[in-house]
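J.: Residue numbers (our numbering), protein chains in the order written: chain A, 889 to 1359; chain B, 4 to 300.
All C-beta atoms, glycine included, are put in the ideal place defined by N, C-alpha and C.
For reference, the structure I am asking about is given below.
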Amino acid sequence: MDIETGYSDEVTKGFLTWSIIWGLVAVLVGVLISFQLIFPQLNFPPFLTYGRLRPIHTNAAIFGWGIGSFMAMFYYITQRLTRSPIWSPGLARFQLWLFNLVIILAAVTLAMGFNQSKEYAELEWPVDILVVILWVIFAVNIFMTIMKRKEEQMYISLWYIIATLVGVAVLYLVNNASIPVSLSKSYSAFAGANDANVQWWYGHNAVAMVLTTPPLAIFYYFFPKTTGVPIYSHRMGIIAFWSLIFMYLWTGAHHLLWTPVPDWVQTLAMAFSLVLIAPSWASVFNGYFSMNGQWHQMRENFLVKFFIFGITFYGLQTLQGPAQAVRTFSAFIHYTDWVPGHVHMGALGWVSLILFAGIYYLVPRLYHTQLYSVKLANAHFWLAVIGQLIYSISMWIAGVQQAAMLHAVNPDGSLHYSFMETLTELYPYWHMRAGGGVIYLVSLFIFIFNIIKTVQSGSAGAAPVRATGAA
Amino acid sequence: MLNLLEKKPILLLLAAVVVIMIGTTVTMIAPFKWINDPSLKIAGVKPYTPLQLEGRDIYIREGCNNCHTQTVRPLVADVARYAPGSTDGYSKVGEFVYDQPHLWGSRRTGPDLARIGGKYPDAWHNKHMEEPRSMVPKSNMPAYAFLKQPLDTSLTEKKMKALGFPYTPAELEAVKGKTEMDAMVAYLQKLGNDIPWRKAAAAAPLVGELKNPSAGNAAAVTDGKKLYEENCAQCHGADLKGDIGVALAELTKPEAELFSTVYQGMERLGMPAFGDALGKEKIWKVITYISSRKGQK
């Protein structure tokens, strides 16, 4: 516990360290599987094939890097916004151990082929139970801290945190319902089209409750802290919050357009996806308008770039997403590389840029020092953005080209291209994508080096130097 | 009201739950009443046999669903590619009632497999799984030769019971001694093979005059040779002397009959239909090439 502030930040440091490690694993595996798609010889069966590694990539990214960072930052933010220490630092420490145990178990079991097969819910039931325990511990600790708060008014970040805590719980419990056969094998409790509908209710709302509300909580806290000016409109934030968590839950079936799921469920999903542009862009505008008279900070404060680009990618993501949710467009690009292009703009652009920003903000303050190198942070930023854009843009073009080829028919009604003719056209784009991934990996190494150097300077310094503007 | 919520965390939490549950109730819970309705059942669709179920579990274990989908959409190109010859061969809800979990997937790095059953003979699948590029030269699928290991059958009965599928002691006994590859192929051969789409497709006559437009055309022979090597040689041999497929060099069928076999396939012999993968023009070129080879002996 920090004597000066009364807050306990050790667990935040722990979660940050491990989330960065898991983030590196996610990108390393991502780069490997991107090469596997080009060179099938790079598959090493049985454990290291594309089919087993891809879930490790997504789980490490979403749960290791994403949730790990959110846990770190939620503990930090909640203490500051409630002006109270963590309800139980001991429980939080236990949570860090359990978190790492779960992620290691996830990687090992997935490599062994223990897999429920549902996307982003691949882990088998014993690991699921550990995840539930982990989440309950986290939720109780955060919520009790809020209950015992010294600040009556709850700032908007706390709203998003509370929504995340309950939202993830509901989604996870329902979609992982299964019939166990052994410790390593279970069958889904739902069948066929029902199972698909439950899965994508879960899948798309994992995007809402894991990849939208937590980064927004982080954005709403760290962005004003960084710029030194308050958020433009609290009221717009409130309206956006309630409409966002209301509308998201209707949209899961846009992953199932043209499938046997009932048409009316698909149509509702399509309609709500379009309406969802409004609350998403309310947050984007809240970010932009906060910069009124402050745009010079884009030049002067390296961190502001991360936030503004991050929220901009969020805005682009929430325009592209609804477009894809329209039946006619979905018919064209669904099942092609367009979709990984879309997903990675959100993951590498929006979520990761916001997390990088939060980490750059936190680490010097947690270790009572200054950032080792702003220049390196800038290099990290530009390489990350370039790598991500190469990835997404090459995949969008690949997706459109393959879609056009797959849908091409001859005058007599027969198909113009065989499936393999469309696949071989993708190889050049897959090379570009792998290149983009390598650039992103390099940016990540620069980031990690910068953070390690910063932490070292913090622990080496005899007299701690107070960072300016520390909360 | 909103001001109150900002000061009452329990109230905020409850309000958030209520708001989340509205969309959840309408789009996730309510559809249970419509989906898998008994009236949507398809008579031919039967539960998985012990061997097929074990194959399906290997499909899940290997994460095949990361690259292969199992839903044919009611779109012209989807039906033409994955349910060739049919007009309503797209996926229906009744096909999936025994699928726990569903394996619809989200990305077609490889082709959709909902109608793969019966398309190729077992021998094709065995070779293709062992080394995909031996059958499809430019494929990027990983090789699954290791599936030739013995199948673990210790849980088979428990699995059948867990899903409530009927089975006989003979079926359980038959699974013993099989390889994982056998199970996988048994599963793939079931996919889409128990629904009536193929019968309807086979009944559809090939319309138009079956006359080779490229007969005797030297350029067509060259094109045809290339197409043959890419699409046919894997089963019929580069020298046309046959392997999995029949020896074409010895075939005496007239060109028109050969054309309709290539176009529509021949389920009895495990010959897949190439009509929608290649189209009429390319198939005629292949036929021209085959005819030219017969002359040479």
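1) Would you say cysteine 67(B) faces chain A, with C-beta separation under 9 angstroms as the test?
2) Compare the Cα-Cα distances from glutamate 160(B) to each of Glu253(B), Thr264(B) and Glu176(B) and report the closest residue.
3) Which same chain residues, not among the five before or five after histidine 1295(A), have their C-beta less than 8 angstroms away from its C-beta?
4) Using a Cβ-Cβ cutoff of less than 6 angstroms, which residues in the same chain neighbour valine 82(B) once the five nearest sequence positions on both sides are dropped?
5) Beta carbon of tryptophan 953(A), beta carbon of methionine 1032(A): below 9 angstroms?
6) Just how far apart, CA to CA, sit valine 996(A) and threonine 90(B)?
7) Using the C-alpha atoms, what's the distance from serine 1076(A) back to glutamine 1004(A)?
8) Keeping to the same chain, check which residues put their C-beta closer than 6 angstroms to that of alanine 948(A); ignore five residues upstream and five downstream.
9) How about the region 1309-1323 of chain A and the region 1273-1291 of chain A: do they share at least three Cβ pairs that are nearer than 8 angstroms?
10) Would isoleucine 1030(A) and phenylalanine 1129(A) qualify as a contact pair, given that the criterion is a beta-carbon distance under 9 angstroms?
11) Considering Cα atoms alone, identify which of Phe277(B), Leu230(B) and Gly97(B) is closest to serine 293(B).
12) Leaving out five residues on either side along the sequence, give the residues of the same chain with a beta carbon under 6 angstroms from the beta carbon of glutamine 73(B).
13) Is it buried or exposed, threonine 1312(A), if we count other Cβ atoms within 10 angstroms and call 16 or more buried?
14) Let me check understanding here. Comparing Cα to Cα, which of Phe923(A), His1230(A) and Asn1338(A) lies closest to valine 1095(A)?
15) Where does arginine 110(B) fall in DSSP's three states?
16) Return the Cβ separation of tryptophan 1318(A) and isoleucine 921(A) in integer angstroms, given the expectation that the two are a contact with Cβ distance under 8 angstroms.
17) Between the Cα of glutamine 55(B) and those of Gly120(B), Gly97(B) and Lys214(B), spot the shortest distance and give me the residue it belongs to.
18) For a contact meaning CB atoms closer than 9 angstroms, what does leucine 1164(A) contact in chain B?
19) By Cβ distance, which residues of its chain are closer than 7 angstroms to alanine 3(B), with the 5 residues on each side in sequence left out?
20) Please report how far the alpha carbon of glutamate 1309(A) lies from the alpha carbon of phenylalanine 277(B), in whole angstroms.
21) Cβ atoms of leucine 979(A) and glutamine 1020(A): under 9 angstroms apart, would you say?
22) To which residues does DSSP link leucine 936(A) through a beta bridge?
23) Show which residues of chain B have a CB atom less than 9 angstroms away from the CB atom of aspartate 1300(A).
24) Could you give the DSSP three-state label for isoleucine 1067(A): helix, strand or coil?
25) Just list the residues that DSSP pairs tyrosine 1223(A) with in beta bridges.
26) How about glycine 248(B): is its C-beta nearer than 9 angstroms to some C-beta of chain A?
27) With three or more beta-carbon pairs closer than 8 angstroms as the criterion, would you say the region 1164-1184 of chain A touches the region 1204-1213 of chain A?
28) If I'm right that leucine 1191(A) touches tyrosine 1249(A) with Cβ under 8 angstroms, what's the distance once you round it to whole angstroms?
29) Secondary structure at methionine 144(B), three-state DSSP: helix, strand or coil?
30) Taking valine 1054(A) as the query, report the chain B residues whose CB atoms sit under 8 angstroms from its CB, ordered along the chain.
31) Is DSSP giving alanine 241(B) helix, strand or coil here?
32) Going by beta carbon distance, what residues of the same chain come within less than 6 angstroms of phenylalanine 1107(A), once the five residues before and after it are set aside?
33) Exposed or buried, serine 217(B), counting other C-beta atoms within 10 Å across all chains shown (16 or more means buried)?
34) For the region 85-113 of chain B, which residues have a CB atom closer than 9 angstroms to at least one CB atom of chain A, in sequence order?
35) Does isoleucine 926(A) have its Cβ less than 9 angstroms from a Cβ in chain E?
36) How big is the Cα-Cα spacing for proline 933(A) and tyrosine 1060(A)?
T.: Once the coordinates are examined:
1) yes
2) Glu176(B)
3) Phe1220
4) Gly92 and Tyr93
5) no
6) Cα to Cα, valine 996(A) sits roughly 45 angstroms from threonine 90(B).
7) 7 angstroms
8) Trp910, Val913 and Ala914
9) Yes: the two stretches touch, three or more of their Cβ pairs being nearer than 8 angstroms.
10) No, the pair does not count as a contact, with Cβ atoms beyond the cut-off.
11) The amino acid at residue 293(B) is misidentified as serine; the sequence shows isoleucine. Looking at the Cα atoms, Leu230(B) is the closest of the given residues.
12) Answer for glutamine 73(B): Leu106, Trp107, Leu116 and Ala117, listed in chain order.
13) exposed
14) His1230(A)
15) strand
16) That pair is no contact at about 11 angstroms.
17) Gly120(B)
18) Residues of chain B passing the Cβ test: none, with the nearest at roughly 11 angstroms.
19) Residue 3(B) lies beyond the residue range present for chain B, which begins at 4 and ends at 300; the question has no answer from this structure.
20) 14 angstroms
21) As written in the sequence, residue 1020(A) is valine, which differs from the glutamine given in the question. No; because the gap between Cβ atoms is not below 9 angstroms, this pair is not in contact.
22) Here leucine 936(A) is bridged, per DSSP, to Phe932(A).
23) Gly211, Gly282, Lys283 and Glu284
24) strand
25) Arg110(B)
26) no
27) yes
28) That belief holds up - the Cβ atoms of leucine 1191(A) and tyrosine 1249(A) are roughly 6 angstroms apart, short of 8 angstroms.
29) coil
30) Leu16, Ala19, Val20 and Ile23
31) coil
32) Ile1242
33) The residue is buried, with at least 16 neighbouring Cβ atoms inside 10 Å.
34) Pro87, Tyr93, Ser94, Lys95, Val96, Gly97, Glu98, Phe99, Val100, Tyr101, Asp102, Gln103, Pro104, His105, Leu106, Trp107, Gly108, Ser109, Arg110, Arg111, Thr112 and Gly113
35) In the displayed structure, chain E is absent; the protein chains listed are A and B.
36) 30 angstroms
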